[in-house]
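In the UniProt record's numbering, the protein residues as written are 1 to 235.
Presented below is the structure to which this report refers.
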Amino acid sequence: MSSLLRTYTRSFERRPYITLCVANGILMSVGDISAQMLGLGQGLQPMYDLTRTLRFAVFGASMGPLGGAWNKFLEVNFPLRPLPSASPMQKVKVDSPIPGLEKHFPKGSKLERGSGLGEKVPVPTGTAPSMSEKEPPVSVVQLAKRVAADQLGMAPISLFIFLFSMSLLEGLDSEETKEKIKQNYLPILLVNWQIWPIAVAINFRYVPLRYRVPFGSILGILWTCFLSFRTQTEK
């Protein structure tokens, strides 16, 4: 497992979007394969449908970069910890004598810190944070904003893209596509809002940015099973 994680990390550092495509495509495929195995075991389908798995793979691969860009957007716009802020600047005189230099200047001369005689330079107020200082706590409000943005913004959009894309890949005409979206969109979205807020909160809070898309896809294998069962078009 650790070697697989290292391989993913190296690949992500060199080719992030390609890595997200491949990883997300594979994990979506695993979800559909799992759903089909369950369906075969329960007698819900006569045989394994490779084309159906390929549809999920194509959709997962195409959504990988979008998921990566979305997570980066949330990271930038809803930081969980306060960002370092520039300290206000002030001009200060250093009146204390500088050892070894007194003899070079007349008595009463004043040196400005970091400068020559008679000049003033900006010096930040306060002191730099110590390495031993604790990391600031995570903002619960910012975490809640991330989850809300994800579930009220991206979740409805990505679900619509999923249903529309799958309909196209299945070869449905416009009327069949509309009917499929009408029958599935709201019920799936309501189930999504019952399950995913806690999952994405854990993802945003504890998982590093580069691992969030595949981690979400791993958590989503069972979700993909549900989508596969729910949206499967009977031929």
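Idealized CB from N, CA, C, for every residue including glycine.
query	result
What's the gap between the Cα of serine 62 and the Cα of methionine 166?	12 Å
Starting from valine 200 and walking both ways along the alpha helix (DSSP H), at which residues does that stretch end?	174-206
What does the alpha-carbon distance come out to for the pair leucine 189 and alanine 144?	19 Å
Secondary structure at tyrosine 17, three-state DSSP: helix, strand or coil?	helix
By the DSSP assignment, the alpha helix (DSSP H) with glutamine 45 in it spans what residues?	That residue, glutamine 45, is in no alpha helix (DSSP H); it is neither H nor E in DSSP.
Can you tell me which of Val207, Pro214, Arg55 and Leu4 puts its alpha carbon nearest to the alpha carbon of glycine 67?	Pro214
In three-state DSSP terms, what is phenylalanine 226?	helix
Whole-angstrom Cβ separation of glycine 31 and threonine 224, contact assumed at under 8 Å?	2 Å
How should alanine 57 be labelled, buried or exposed, when 16 other C-beta atoms within 10 angstroms of its C-beta is the threshold for buried?	buried
For my contact list, isoleucine 221 and serine 3 are in at a C-beta cut-off of 8 Å; report their separation, rounded to the angstrom.	The pair is not a contact, with the Cβ atoms about 21 Å apart (cut-off 8 Å).
Whole angstroms are fine: how far does the CA of threonine 19 sit from the CA of proline 65?	9 Å
According to the neighbour-count rule (16 or more other Cβ atoms, all chains shown, within 10 Å of its Cβ), is isoleucine 198 buried or exposed?	exposed
From phenylalanine 59 to phenylalanine 162, what does the alpha carbon distance come to, in whole angstroms?	7 Å
Rounded to whole angstroms, what is the Cα-Cα separation between threonine 231 and glutamate 170?	11 Å
With distances taken between CB atoms, is the gap from glutamate 135 to arginine 210 smaller than 8 Å?	no
Helix, strand or coil, according to DSSP, for proline 137 in the structure here?	coil
Secondary structure at proline 82, three-state DSSP: helix, strand or coil?	coil
In terms of alpha-carbon separation, which member of Val140, Glu179 and Leu186 lies closest to isoleucine 157?	Leu186
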